[in-house]
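Colleague: Mind having a look at this structure? Questions to follow.
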Amino acid sequence: MSTLNDYLARIESFKLEHPIVRQVINQIQKDFDDIAIEVELEDREESPYEQLRKQLRPVIDWLMEKRPERLFALFYRIDIPEQTVKRIMTGGGDGDVVEQCTDLILQRELQKVIVRNYYSQVSSSD
1 MSTLNDYLAR IESFKLEHPI VRQVINQIQK DFDDIAIEVE LEDREESPYE QLRKQLRPVI
61 DWLMEKRPER LFALFYRIDI PEQTVKRIMT GGGDGDVVEQ CTDLILQREL QKVIVRNYYS
121 QVSSSD
């Protein structure tokens, strides 16, 4: 059986798997709580993760402009380090702030799904 670190090292390959991305969508919908997010994954040449990323970006942009306090609460709820958020918000990151925030959220949500799946496999093999 692979270790959790081995499992997490495959994070890029998980971005291509529809079932994993579906779980990420469910996790996002749960964490975003009072913000309705409808995500549709179409069978296109674009990866499901990239489709999700493009659909989440306008939501993050709206939160940043209209409800920044809600966005910061979301970062906390999702468990994104405050120092990372501050670095991005003060221009310390690479590129567009909204893109970076979207990527941070998606990366963390994907990690949650991967860890949950790993431990469910470990417990079912016992």
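For the sequence shown, counting from 1, position 33 maps to 33 in my numbering; every step adds exactly one.
Even glycine gets a Cβ: it sits at the ideal position worked out from N, Cα and C.
(1) Taking buried to mean at least 16 other C-beta atoms within 10 Å of its own C-beta, is Ile-37 buried or exposed?
(2) Counting along the chain, where does the alpha helix (DSSP H) carrying Val-39 start and finish?
(3) Quick check on this structure: which residue in Phe-32, Glu-50 and Asp-34 has the alpha carbon closest to the alpha carbon of Thr-40?
(4) Beta-carbon within less than 6 angstroms of Pro-48's beta-carbon, same chain only, minus the 5 sequence neighbours each way: which residues are those?
(5) Could you give the first and the last residue of the continuous alpha helix (DSSP H) run that contains Pro-19?
Modeller: Reading it off the structure:
(1) Indexing the sequence shown from 1 puts residue 37 at position 37. By the 10 Å Cβ count, Ile-37 comes out exposed.
(2) By one-based count along the sequence shown, residue 39 stands at place 39. First-last for Val-39: undefined, no H or E at that position.
(3) Counting from one through the sequence shown, the residue named residue 40 turns up at place 40. Reading off the sequence shown, one finds Glu at residue 40, where the question assumed Thr. If we check each option's Cα against that of Glu-40, Glu-50 comes out closest.
(4) Counted from its first residue, the sequence shown places residue 48 at position 48. Contacts found: His-18, Val-21 and Leu-41.
(5) Sequence index remark: in the sequence shown, residue 19 carries index 19 (1-based). Pro-19 -> alpha helix (DSSP H) spans 18-32.
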